[in-house]
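Protein chains in written order, with the working numbering: chain A, 1 to 516; chain B, 1 to 315; chain C, 1 to 274. All C-beta atoms, glycine included, are put in the ideal place defined by N, C-alpha and C.
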Amino acid sequence: MLKLNRRLFLAGTAAFVATPAMSFAQAAAPVKGGTLKVSIDQAASVIHPLLTRVNPEYLITELLYSNLTRLKVDMSAEPDLAESWNSNEALTEWTFKLRSGVKFHDDSAFTATDVVETFKAILNKDNASPARNNVGPIDTITAADPLTVIFKLSGAYADFPVALAYTTARIIPAAVATGDFKQLSTKANGTGPFKLVSYEPDRLIVVERNPNYYDPARPYLDRIEIQVFPDTSAEGSALIAGDIDLISTLQPTEYLRLDGSDGLDLLRVASGQFCNINFGCDTKPFNDVRVRKALALAVDRKAMVDFVTEGFGTPGNDTPINASYRFAAKLTQREANIAEAKKLLADAGYPNGFEATLVASDRPAVRTQLAVALKDMAKEIGVTINVQTMPHATYLEQVWKKGSFYVGFYNMQPTVDGIFKLLYTSDASWNETRWNNAAFDKLVNEARGTKDEAKRTALYADAQKLMNDEVPSIIPAFFDVLGAKRNWVQGYEIHPRASVFRLDYVSLTAEAPKRG
Amino acid sequence: MSPNYILKRIALIFYTLLVVSLIVFAITQILPADAAVMMLGENATDQALDALRQRMGLNDPVWMQYAHWLIGIVQGNFGTSLRTGQPVGPVMFEALGRSLLLALLSITFMLILAIPLGIIAAIRRGRVADMLVSLISYVGVSLPEFVTATVAVLLFADWLKWLPPTGYVPLTENFGSAIAHLTLPVFVISIILIAHVSRMVRSELIDVLHADYIRSARLKGLSGSSVLMGHALRNALLPTITIVALDVGYLLGGVIVVEEIFAIPGIGRQLIVAIQARDLPAIQAGVLIMAATYSIVNFLADMLYAALDKRIQYD
Amino acid sequence: MTEFLKRLLRTPQGAIGVAIVGLVLLVVIIGPWVAPHDPESLAPLQRYKGSSLTYLLGTDQYGRDIFSRLLIGARATVIMAMLATLAGTVVGALIGTTSAFLGGRADEAIMRTIDAVMSIPSLLFALLVVNLLGSSIVNALVAVAVAFAPGMARITRSVALSVRKQDYINAAIARGESARFVIVREMLPNVIAPIIVEMTIRVSFAVMLFATLSFLGLGAQPPAAEWGLMVSEARRYMHLSAGILIWPSIAIALVAIGFNLLGDGLRDALNPRA
Numbered sequence: 001m002l003k004l005n006r007r008l009f010l011a012g013t014a015a016f017v018a019t020p021a022m023s024f025a026q027a028a029a030p031v032k033g034g035t036l037k038v039s040i041d042q043a044a045s046v047i048h049p050l051l052t053r054v055n056p057e058y059l060i061t062e063l064l065y066s067n068l069t070r071l072k073v074d075m076s077a078e079p080d081l082a083e084s085w086n087s088n089e090a091l092t093e094w095t096f097k098l099r100s101g102v103k104f105h106d107d108s109a110f111t112a113t114d115v116v117e118t119f120k121a122i123l124n125k126d127n128a129s130p131a132r133n134n135v136g137p138i139d140t141i142t143a144a145d146p147l148t149v150i151f152k153l154s155g156a157y158a159d160f161p162v163a164l165a166y167t168t169a170r171i172i173p174a175a176v177a178t179g180d181f182k183q184l185s186t187k188a189n190g191t192g193p194f195k196l197v198s199y200e201p202d203r204l205i206v207v208e209r210n211p212n213y214y215d216p217a218r219p220y221l222d223r224i225e226i227q228v229f230p231d232t233s234a235e236g237s238a239l240i241a242g243d244i245d246l247i248s249t250l251q252p253t254e255y256l257r258l259d260g261s262d263g264l265d266l267l268r269v270a271s272g273q274f275c276n277i278n279f280g281c282d283t284k285p286f287n288d289v290r291v292r293k294a295l296a297l298a299v300d301r302k303a304m305v306d307f308v309t310e311g312f313g314t315p316g317n318d319t320p321i322n323a324s325y326r327f328a329a330k331l332t333q334r335e336a337n338i339a340e341a342k343k344l345l346a347d348a349g350y351p352n353g354f355e356a357t358l359v360a361s362d363r364p365a366v367r368t369q370l371a372v373a374l375k376d377m378a379k380e381i382g383v384t385i386n387v388q389t390m391p392h393a394t395y396l397e398q399v400w401k402k403g404s405f406y407v408g409f410y411n412m413q414p415t416v417d418g419i420f421k422l423l424y425t426s427d428a429s430w431n432e433t434r435w436n437n438a439a440f441d442k443l444v445n446e447a448r449g450t451k452d453e454a455k456r457t458a459l460y461a462d463a464q465k466l467m468n469d470e471v472p473s474i475i476p477a478f479f480d481v482l483g484a485k486r487n488w489v490q491g492y493e494i495h496p497r498a499s500v501f502r503l504d505y506v507s508l509t510a511e512a513p514k515r516g
Numbered sequence: 001m002s003p004n005y006i007l008k009r010i011a012l013i014f015y016t017l018l019v020v021s022l023i024v025f026a027i028t029q030i031l032p033a034d035a036a037v038m039m040l041g042e043n044a045t046d047q048a049l050d051a052l053r054q055r056m057g058l059n060d061p062v063w064m065q066y067a068h069w070l071i072g073i074v075q076g077n078f079g080t081s082l083r084t085g086q087p088v089g090p091v092m093f094e095a096l097g098r099s100l101l102l103a104l105l106s107i108t109f110m111l112i113l114a115i116p117l118g119i120i121a122a123i124r125r126g127r128v129a130d131m132l133v134s135l136i137s138y139v140g141v142s143l144p145e146f147v148t149a150t151v152a153v154l155l156f157a158d159w160l161k162w163l164p165p166t167g168y169v170p171l172t173e174n175f176g177s178a179i180a181h182l183t184l185p186v187f188v189i190s191i192i193l194i195a196h197v198s199r200m201v202r203s204e205l206i207d208v209l210h211a212d213y214i215r216s217a218r219l220k221g222l223s224g225s226s227v228l229m230g231h232a233l234r235n236a237l238l239p240t241i242t243i244v245a246l247d248v249g250y251l252l253g254g255v256i257v258v259e260e261i262f263a264i265p266g267i268g269r270q271l272i273v274a275i276q277a278r279d280l281p282a283i284q285a286g287v288l289i290m291a292a293t294y295s296i297v298n299f300l301a302d303m304l305y306a307a308l309d310k311r312i313q314y315d
Numbered sequence: 001m002t003e004f005l006k007r008l009l010r011t012p013q014g015a016i017g018v019a020i021v022g023l024v025l026l027v028v029i030i031g032p033w034v035a036p037h038d039p040e041s042l043a044p045l046q047r048y049k050g051s052s053l054t055y056l057l058g059t060d061q062y063g064r065d066i067f068s069r070l071l072i073g074a075r076a077t078v079i080m081a082m083l084a085t086l087a088g089t090v091v092g093a094l095i096g097t098t099s100a101f102l103g104g105r106a107d108e109a110i111m112r113t114i115d116a117v118m119s120i121p122s123l124l125f126a127l128l129v130v131n132l133l134g135s136s137i138v139n140a141l142v143a144v145a146v147a148f149a150p151g152m153a154r155i156t157r158s159v160a161l162s163v164r165k166q167d168y169i170n171a172a173i174a175r176g177e178s179a180r181f182v183i184v185r186e187m188l189p190n191v192i193a194p195i196i197v198e199m200t201i202r203v204s205f206a207v208m209l210f211a212t213l214s215f216l217g218l219g220a221q222p223p224a225a226e227w228g229l230m231v232s233e234a235r236r237y238m239h240l241s242a243g244i245l246i247w248p249s250i251a252i253a254l255v256a257i258g259f260n261l262l263g264d265g266l267r268d269a270l271n272p273r274a
């Protein structure tokens, strides 16, 4: 039943996205060849597949490397380097069968040893890979034979195959994993559909077809050029001019501008990507749940969707889970209630409100928009908010995970477990709210080891209810993921995860300009 | 122009670089950023950070770090980017090349427009043409580059579709397309320069036309236009060399914004990226290279000026 | 004084400059009282409106009245630019006159160092300073002042040098007055006129430099109505409503033109050689 619901939901979004021109184009079989020009909105400073941090970087390593599994548009896992997998009844031991005859770009053969050493490198604290906290509770990993690996987990984990599709869990050669780990910062050696031709972090990254890719049909394109556009308005102009074929991440304002231009397809999918106001739940005055709730009640969520997403989004309910996720619970939508908020503040000992500084980094710009809008809404309940913006690097260094009142921005994760364990449990990778709620932790840990769908649904529903009650962070709005392409680009599906692109399925039609 | 003078000017360039290196090193020392954290990212453990700090010499006394840095530069090693792990020097010099191309084209374009405008304004002093040139130059110097750039892209790329909006194509890749992509940035950078230099030419020319030797030339019976061409223009244009050289400083600052908007991977954009990412070695190298460029251009301009103007004695 | 004013108003630059700067200063003083709307209150239903009787210049991306924001932002924009210029000038003038007074090797050393500092483009210098101090309008002020100081030092020095040759300075030195007395009481007043001209022109640079810093996210903090910040925020919405971008741009340009004209007018009035 649940599966059916999910499919219905996705079918709905697909219909929403597809324009007549697109469905017509997709009817044609993909033709091989051609060069695709893709834009990214910030520099790809890091191309080490285990160390990347932002969407443009994920786009590049996804072209050059493969994971064991791959994330489909419906957020389920499909085979990549692993052909099939199964687990024991307790969900603590997982066996993956690997594809045979796969080669790295340097022609060396891919075997189970590469997988084992890659994961050892991921789990090695000294390498500081973000994947370490996101690939699940791996205890040991062994190669049973050259094409079989066995993962033993320290706890039951139902979503393990999906977790292995994580953006920084790409498979690298064992020789690199055990030797000069850093060498992949400037060159690439993976099993992905494309090979690296040139890499200029701030300008242009070029890849070409890997003729030895394991799927003889893909990729369709000969070459992909990824161009860096620091200015989003310039990026939109370049698409209109036909200088680029595809914008990987589009801002709502640019969507409105490009919509209706000749020769363009605008892409949109509902997603769990969100902006939030993080509270340091261990710091005055935010350690009082009444204060947090009062601020949450000050937010006019419909206006917020307008201000920060230009209408390309949905209201949030102070949990990171929305209808785009499996296991989303049906909670009553929180509405603005100034009287109730004022009462809560008075009960908490702030009858005249208080003053606080809200930090917003300058990237992406919606953080500042959210902060400015909250400042105005909080006025109504007597809370004075001073907005402080800062360069993103300074924010990461001084405020992120340390501050007690700042704006966060996060991609949708493949699973409910993924987002909870990333941000909200007390053992989360980035436990920025320091909510440290034992009941919540228990629910999440129990759910990740539960196979029974109904039971799991109930556990996650309780977790979401708890979070909605305690408001460790205000989540006022979710963003749709937006993109735009020339209509000669076909086979591109915009992914709600926002960090998955699957450009090996993309091809060009006969109308595409011929590029040497 | 004595060899002594040239030597002194060259020594000055080195002094300049020394001062700039001290300033930029001091700034990067105080900048709120931890180089080790920048390199390893947010997921690094304390042990890993300590090991890296030791390896990078971040625990050494400050003067020692400065000395190591200077010695490295003398050997042609500007350090390694904290952001990308690539050597900073080659990246910055390649970027400088692109910025210089942009600057050179802008100066050429500017001279082609600014000198005639200045001459017209001077000859037609007080008339409509003069007023018009004045108006253009006042508006020109009063608009920040990011405003003119935005308007130019809207007008010439989005609406008229004459030119590509942004992006950078290397000259070697496709010459025509490269020039097309450079046209709008060159135009935007030139606006303020045109305004500045045409005013300069105008006032220099007016001064010169009032000078005694022009009057005497006129008295000798030389016709108006040959006087203008022969004496006045030459003497009026000489100071423009110095002005243009000094404007290179403005140019290098102005390209920062223009390169950011037009996605040109020049040294200005490299510096912005470096500053935003707190990439300390890249900031140090970038500022030093910019200052060096400015000093050398001014040195060359002085030499050119001296060579052209026999009246000035340099010692 | 009236003689001087007459001369100033007789030149077209001076007359227009005085008019524009006068208007701007008037807005700075009375702006907050005459603004018809709250510059910071958001109105979800009034976003991206064009010009109308209620909203003279339309509304911005938050539904705020652009006209009111311009009126109120004049203080943040113009006063900051003037203060920054003033601060830069004071520091520069002190260095410049001191250097000129000391003369000889000390002068040489100071000026070479100033030249060296000037080889860093002022925008870049300001960028570095703001990054050092953190982005806020006060720090941007410091940055602009620091960026202006070397240039002002150079100008004051050259003016002071020509003044130094005058007899009354030599007389003061001969009287055995202290160095401080000579600099402050005799030299500074005589270098002030040309410096005022330079300052006036520099205010327009400062307005633009502030705007550029805001464009790069390093100046005023939202939701301040500082004009440069307004333009830089508007760039993302310009395709939805051009007015958000155009009006503050015009305001910046107008102030810059005004101070430029006034500076040129002052120069002509103070130095009636041409």
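Give the C-beta separation of residue 73 of chain C and residue 253 of chain C to the nearest angstrom, bearing in mind that I take them to be a contact with Cβ-Cβ under 8 angstroms. So it is not a contact: roughly 15 angstroms between Cβ atoms.
Going by DSSP, what residue range makes up the alpha helix (DSSP H) through residue 131 of chain C? 122-133
If you drop the 5 nearest sequence neighbours on each side, which residues of the same chain put their C-beta closer than 6 angstroms to that of residue 113 of chain B? 194
Which residue from C:19, C:239 and C:102 puts its Cα closest to that of residue 182 of chain C? C:102
Just list the residues that DSSP pairs residue 205 of chain A with in beta bridges. A:199 and A:226
Integer-rounded CB distance, given that residue 479 of chain A should sit under 8 angstroms from residue 273 of chain A: 5 angstroms
Below 7 angstroms on C-beta distance, what does residue 375 of chain A contact in chain C? 223
Checking 8 angstroms against the spacing of the C-beta atoms, do residue 472 of chain A and residue 435 of chain A come in under that value? yes
Could you have a look at residue 381 of chain A and say whether DSSP puts it in helix, strand or coil? coil
Member of A:215, A:202, A:328 and A:360 whose CA lies at the smallest distance from the CA of residue 230 of chain A: A:202
C-beta contact flag for residue 482 of chain A and residue 407 of chain A at 8 angstroms: no
Compute the distance between the beta-carbons of residue 114 of chain A and residue 171 of chain A, then report whether it is under 8 angstroms. yes
Using beta-carbon positions only, say whether residue 222 of chain A and residue 35 of chain A come within less than 8 angstroms of one another. yes
In terms of alpha-carbon separation, which member of B:241, B:138, B:181 and B:146 lies closest to residue 157 of chain B? B:181
Beta strand (DSSP E) containing residue 259 of chain C: first to last residue? Counting along the chain, residue 259 of chain C falls outside any beta strand (DSSP E), though it belongs to the alpha helix (DSSP H) covering 243-270.
Endpoints, alpha helix (DSSP H) assigned at residue 61 of chain B: Counting along the chain, residue 61 of chain B falls outside any alpha helix (DSSP H), and DSSP gives it neither H nor E.
Is the CB of residue 66 of chain C under 8 angstroms away from at least one CB in chain B? no
For the alpha helix (DSSP H) containing residue 182 of chain A, name the first residue and the last one. Here residue 182 of chain A belongs to no alpha helix (DSSP H), and DSSP marks it neither H nor E.
Candidates A:441, A:301 and A:159, of which the one nearest residue 450 of chain A by Cα: A:159
Any beta carbon from chain C within less than 8 angstroms of residue 365 of chain A's own beta carbon? yes
Between the CA atoms of residue 205 of chain C and residue 211 of chain C - distance to the nearest angstrom: 10 angstroms
Find the residues of chain A that neighbour residue 207 of chain B, judging by a C-beta separation of less than 9 angstroms, and give them in chain order. Simply none; closest approach about 43 angstroms.
Using the C-alpha atoms, what's the distance from residue 292 of chain A back to residue 169 of chain A? 36 angstroms
Could you work out which residue in B:118, B:255 and B:272 is closest to residue 101 of chain B when comparing CA atoms only? B:255
Suppose the cutoff is 7 angstroms on Cβ atoms and the five residues either side in sequence are ignored; what does the same chain contact list for residue 23 of chain C look like? none
Apply the 10 Å Cβ neighbour rule to residue 488 of chain A and answer buried if 16 or more other Cβ atoms are within range, or exposed otherwise. buried
Rounded straight-line distance, which links the Cα of residue 166 of chain C to that of residue 87 of chain C: 28 angstroms
Looking only at C-alpha atoms, which of A:498, A:512, A:477 and A:208 sits nearest to residue 57 of chain A? A:498
Just mark residue 274 of chain C as buried or exposed, buried being the case when its beta carbon has 16 or more other beta carbons within 10 Å. Low local confidence applies: a pLDDT of 38 at residue 274 of chain C is under 50, so the model's placement there is unreliable, with the coordinate-based value given in what follows. So residue 274 of chain C ends up on the exposed side.
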